[in-house]
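Colleague: Could you have a look at this structure, given as C-alpha cells, before my questions?
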Amino acid sequence: MTRHAQEKRPVIIGVGQHVHHPTDVENIKKPLDLIEVAIQKAEIDVDLEGLAGRIDTLCLVNILSRSPEGLPSQLSHRINAHPRNEEYTWVGASVPQWFVNRTAEKICKGQTKLALICGGEALYSRKVAAKARGGKGWDWDFPVKMPHMVGDLRDAVTPLEQKYGRQLPIHFYPLFENALRHHEGLSMAEHRQELGNFCSTFSSIASKNPYSWFQETKSSDEIIEITPDNRMVSFPYTKSMCSIMEVDQAAALFLTDTQTAKELGVPRKKWVYLLGSGDASDIWHVTKRIDFHSSPSVREAADAAMRPTGLSLNEINYLDFYSCFPCAPRITRNMLELPKDDPRPLTITGGMAYFGGPGNSYSLHAICKMVETLRQDPAATGMVQALSWFISKHSVGIYSGMPGKHPYKVIPDTDRHQMSGPLKGPLIVEKASGTGDLETYMLFHDRQGQAVGGIVIGRLDDGSRFLAKLPRDKDILNAMMKQEFIGKKGRVFQRGDFNIFEP
Numbered sequence: 000m001t002r003h004a005q006e007k008r009p010v011i012i013g014v015g016q017h018v019h020h021p022t023d024v025e026n027i028k029k030p031l032d033l034i035e036v037a038i039q040k041a042e043i044d045v046d047l048e049g050l051a052g053r054i055d056t057l058c059l060v061n062i063l064s065r066s067p068e069g070l071p072s073q074l075s076h077r078i079n080a081h082p083r084n085e086e087y088t089w090v091g092a093s094v095p096q097w098f099v100n101r102t103a104e105k106i107c108k109g110q111t112k113l114a115l116i117c118g119g120e121a122l123y124s125r126k127v128a129a130k131a132r133g134g135k136g137w138d139w140d141f142p143v144k145m146p147h148m149v150g151d152l153r154d155a156v157t158p159l160e161q162k163y164g165r166q167l168p169i170h171f172y173p174l175f176e177n178a179l180r181h182h183e184g185l186s187m188a189e190h191r192q193e194l195g196n197f198c199s200t201f202s203s204i205a206s207k208n209p210y211s212w213f214q215e216t217k218s219s220d221e222i223i224e225i226t227p228d229n230r231m232v233s234f235p236y237t238k239s240m241c242s243i244m245e246v247d248q249a250a251a252l253f254l255t256d257t258q259t260a261k262e263l264g265v266p267r268k269k270w271v272y273l274l275g276s277g278d279a280s281d282i283w284h285v286t287k288r289i290d291f292h293s294s295p296s297v298r299e300a301a302d303a304a305m306r307p308t309g310l311s312l313n314e315i316n317y318l319d320f321y322s323c324f325p326c327a328p329r330i331t332r333n334m335l336e337l338p339k340d341d342p343r344p345l346t347i348t349g350g351m352a353y354f355g356g357p358g359n360s361y362s363l364h365a366i367c368k369m370v371e372t373l374r375q376d377p378a379a380t381g382m383v384q385a386l387s388w389f390i391s392k393h394s395v396g397i398y399s400g401m402p403g404k405h406p407y408k409v410i411p412d413t414d415r416h417q418m419s420g421p422l423k424g425p426l427i428v429e430k431a432s433g434t435g436d437l438e439t440y441m442l443f444h445d446r447q448g449q450a451v452g453g454i455v456i457g458r459l460d461d462g463s464r465f466l467a468k469l470p471r472d473k474d475i476l477n478a479m480m481k482q483e484f485i486g487k488k489g490r491v492f493q494r495g496d497f498n499i500f501e502p
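If you count the sequence shown from 1, position 318 lands on 317 in numbering that gives the first Met the number 0, and the numbers rise without skipping.
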C-alpha cells in the first residue's frame, strides 16, 4: 500500500447525537437547533472545540420539518463555518450513508479534507406547537425540489400509483410485507407471530440506546395485539410496527482522512475507518418491478462494499439494516442470504419504530452508533445499510476500528447507482378487464382500526399487470386479514375511472 493511500484513508473522528422531548410549547425546538447541538456534541466527542468552523464540506440531509430555503448556508452561519462545498439533498433516507460514501471518494481524490455530515428533525416540536394552536398534530408539507439540491431527484411514484392513492411509505410497505409472507409460505398466524417476535427484539435494543425516542421494551404480544392504543394501521401492520416520525432527533459526524486526523491530534482510538462502500438502485417504480418480496440491488450494493475489504459477510460482527417497516430489514436479510436464526441482530440502533424515525436521518444515527460500538470493539467490523423511498435504492458502508488489509477503493462514477442487471417487469395495463391472479395487496384502515378499503396488484391471464381497488365489502376486507388471498383468482372490471378487483 502506498503512503498516499495510507494517508488518504477515510475515517470518522467525531460523532454526536441528540434527542429532545419537549413537554410544552415553551420547550419546542426547530430542526437547526437540534442539529447544532448534535454538532457541538460531535466536537466534544473529538475534543476539538470549534472544529465545525474548520470544515471545507458541509453535507446536510433533507429536513422534512422546515422549508428548504436558506439551507445549508443558514446552518453554516450558525456554526461559524465557511465551507467551500455546501450540499443539501431532496427526500431519500439512503442519503446519510450515500453522503459518507460520496465524501470518502472526494477525500481519497484530495478534493475534501474535513467534512461535516449532519441532519435532524423537529417533527414532535411541530406537533406540540400545532396542538397548542388547537390543531390535532403537525401539518404535512412535502419537501419541494430545489435547483441546488444534490443526489437523486427522481419522482418515487408514477401517475397511475398516485391515482390509486399510493404516495406514502404506509401505502407501499404493506404490499411488500404481504408478498413476503406469501413467498415464505407462512400462515397468517405464523406471520403475525414472526412480526411480533422480530419487532420485540428491535424494541429491546432501542430500550438500551440513550438516544432512543422510546426507552421501554415492548413484548411480542404488546406489538401484535390490537387495542385502542395499538390499532391496525395498514394490514398487517399495527401502530407498534410502524416508523415513528414524530420525534425530535439529530445527529452529526466529522469525516476526514488519516493524515488530517493526525494533524488535528485526534487519538487513534477515536478513529473508525470506512473500509468499503456501495450504492445501487432497483427498478425505480414499485409497480414496474419483477416481484414484491425481493430487492436485487441491495445485494449489488453490499457486494460492492464488501469487495475491497476482503471479508465475507459472515465475518461482519455488527449489522444495522434500515427498518422503516419490518419487511425492509427482513428483505435485506433474505437478499444477503442470512438465515433467520443468525445470532447477529439486524440493528444495533433499535429501528425506526422504537429508536425513532427522524425523516431521512435515521441512518446517520445508525452510523454514529456503529462508530461508538466499534470504538469499544476496534478489531470488529460493522455494516450499515440504508435505503430510499420504497426499497428503491440502497447505500452500504463497511466500518472498523482497524484500517483493514486493503486501501479504500474509489468506485468509478460509471459503476454507481447501477440497476441490478437488465431487469424488466411486466406490461402494466391501466384499464383491465377479465380474470386475473392477485399478486399482493394492502388495506386502508380508519382511525378506529377498521378496514375501509384496499388496493391490489395483480396479473391478468396474459401475464400483464394491473392495479385495482377492492370492493368496499367488509366481509371481503376482513377475510383478507384472516386467510391468504395472494395467488387467488378474481374478476377485474371498470367502475368509473378505476379498476375493481373482486376476489
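Beta carbons: idealized from backbone N, C-alpha and C, even for Gly. Since the structure is predicted, the reported quantities are computational estimates derived from the model, not experimental observations.
Take residue 261 as the anchor and find which of 45, 476, 352 has the nearest alpha-carbon.
Modeller: Closest by alpha carbon: 45.
Colleague: Roughly how many whole angstroms lie between the Cα atoms of residue 35 and residue 299?
Modeller: Approximately 35 Å, taken between the alpha carbons.
Colleague: Is residue 474 near the ligand FAD - that is, is its Cβ less than 8 Å away from at least one heavy atom of it?
Modeller: By its list of ligands, the structure shown contains no ligand whatsoever, and the ligand FAD lies outside what it can speak to.
Colleague: Taking 8 Å as the cut-off, does the segment 247 to 264 touch the segment 344 to 353 (at least 3 CB pairs, one atom from each stretch)?
Modeller: Flag = no, the segment 344 to 353 and the segment 247 to 264 do not touch.
Colleague: Short of 8 Å in beta carbon distance, which residues of its chain neighbour residue 159, apart from the five on each side in sequence? Order them along the chain.
Modeller: Once the five neighbours on either side are set aside, the close Cβ partners of residue 159 are 286, 427, 429, 466.
Colleague: For residue 378, does the three-state DSSP call read helix, strand or coil?
Modeller: Coil at residue 378, not helix or strand.
Colleague: Any idea what DSSP makes of residue 321, helix, strand or coil?
Modeller: DSSP places residue 321 in coil when its eight states are reduced to three.
Colleague: Hey, out of 333, 310, 311, 309, whose CA is closest to residue 320's CA?
Modeller: The option with the nearest alpha carbon to residue 320 is 333.
Colleague: May I ask you to report which of helix, strand or coil DSSP gives residue 450?
Modeller: The answer is strand: DSSP assigns residue 450 an E or B state.
Colleague: Measuring CA to CA, which of 61, 237, 313, 77 is closest to residue 152?
Modeller: Minimum Cα distance to residue 152 is reached at 61.
Colleague: With a cut-off of 8 Å on the beta carbons, I'd call residue 10 and residue 317 a contact; round off their distance for me.
Modeller: Contact doesn't hold; Cβ gap of about 18 Å is too wide.
Colleague: Who pairs with residue 86 in a beta bridge, going by DSSP?
Modeller: According to DSSP, residue 86 bridges with 58.
Colleague: Using 8 Å as the cut-off, can you tell me whether the segment 219 to 230 makes contact with the segment 365 to 383, which would need three or more C-beta pairs spanning the two stretches below that distance?
Modeller: In short, these stretches do not touch, since the Cβ pair count stays below three.
Colleague: Skipping 5 residues on each side, what residues in its chain have a beta carbon closer than 6 Å to that of residue 294?
Modeller: Cβ neighbours of residue 294 beyond the five flanking positions: 281, 330, 334, 390.
Colleague: Apply the 10 Å Cβ neighbour rule to residue 52 and answer buried if 16 or more other Cβ atoms are within range, or exposed otherwise.
Modeller: With fewer than 16 Cβ atoms within 10 Å of its Cβ, residue 52 is classed as exposed.
Colleague: Please tell me whether residue 123 and residue 284 are closer than 9 Å, where the distance is taken between their beta carbons.
Modeller: Not a contact, by the Cβ cut-off of 9 Å.
Colleague: Indicate whether residue 233 and residue 173 have their beta-carbon atoms separated by less than 9 Å.
Modeller: Taking 9 Å as the Cβ cut-off, residue 233 and residue 173 qualify as a contacting pair.
Colleague: Are there three or more Cβ pairs, one per stretch, closer than 8 Å when the segment 98 to 113 is compared with the segment 65 to 73?
Modeller: They do not touch, by the three-pair rule.
Colleague: With DSSP run on the structure shown, which of helix, strand or coil describes residue 197?
Modeller: Residue 197: helix per DSSP, three-state reduction.
Colleague: When we look at the beta-carbon of residue 161 and count the other beta-carbons within 10 Å, is it buried (16 or more) or exposed?
Modeller: By the 10 Å Cβ count, residue 161 comes out exposed.
Colleague: Assuming residue 181 is part of the alpha helix (DSSP H), what are its boundary residues?
Modeller: 168 to 182 is the extent of the alpha helix (DSSP H) around residue 181.
Colleague: Along the alpha helix (DSSP H) that carries residue 231, what are the first and last residues, could you check?
Modeller: First-last for residue 231: 231 to 233, but that is the beta strand (DSSP E), not the alpha helix (DSSP H).
Colleague: Determine whether the beta carbon atoms of residue 469 and residue 452 lie at a separation below 9 Å.
Modeller: Taking 9 Å as the Cβ cut-off, residue 469 and residue 452 qualify as a contacting pair.
Colleague: To the nearest angstrom, report how far apart residue 93 and residue 205 are at their CA atoms.
Modeller: About 21 Å.
Colleague: Would the beta-carbon of residue 29 fall within 9 Å of that of residue 109?
Modeller: In this structure, residue 109 does not lie closer than 9 Å to residue 29 by Cβ.
Colleague: Sort out for me which residues DSSP pairs residue 490 with in a bridge.
Modeller: DSSP, once it has assigned bridges, lists 434, 501 as partnering residue 490.
Colleague: Hey, would you say residue 393 sits closer than 9 Å to residue 278, going by beta carbons?
Modeller: Yes, Cβ-Cβ distance for residue 393 and residue 278 is below 9 Å.
Colleague: Using a Cβ-Cβ cut-off of 8 Å (strictly less than) and excluding sequence neighbours within five positions of residue 33, which residues of its own chain qualify?
Modeller: Only 17, 19, 119, 120, 121, 247, 248, 249 meet the Cβ criterion.
Colleague: Leaving out five residues on either side along the sequence, give the residues of the same chain with a beta carbon under 7 Å from the beta carbon of residue 304.
Modeller: Here the set comprises 275, 276, 277, 395, 396, 397.
Colleague: Which first and last residues belong to the beta strand (DSSP E) in which residue 120 is found?
Modeller: From DSSP, the beta strand (DSSP E) with residue 120 extends over 113 to 121.
Colleague: Please work out which residues of its chain come closer than 8 Å, Cβ to Cβ, to residue 416, disregarding the five sequence neighbours upstream and downstream, and give them in chain order.
Modeller: In this prediction, residue 416 scores a pLDDT of 47, lower than 50, which makes its location untrustworthy; the coordinate-derived value is nonetheless stated afterwards. So the qualifying residues of the chain are 151, 278, 279, 280, 392.
Colleague: According to DSSP, what are the bridge partners of residue 444?
Modeller: Note: residue 444 sits in a beta bridge opposite 450.
Colleague: Give me, in chain order, the residues of the same chain whose beta-carbon lies closer than 8 Å to that of residue 371; leave out the 5 immediate sequence neighbours on both sides.
Modeller: These residues qualify, in order along the chain: 14.
Colleague: Residue 176 and residue 236: beta carbons closer than 9 Å?
Modeller: In contact: residue 176 and residue 236 (Cβ atoms closer than 9 Å).
Colleague: Let me know the secondary structure DSSP gives residue 15 once reduced to three states.
Modeller: If DSSP states are grouped into helix, strand and coil, residue 15 belongs with the strands.
Colleague: Hey, out of 31, 405, 115, whose CA is closest to residue 306's CA?
Modeller: Nearest of 31, 405, 115 to residue 306, Cα basis: 405.
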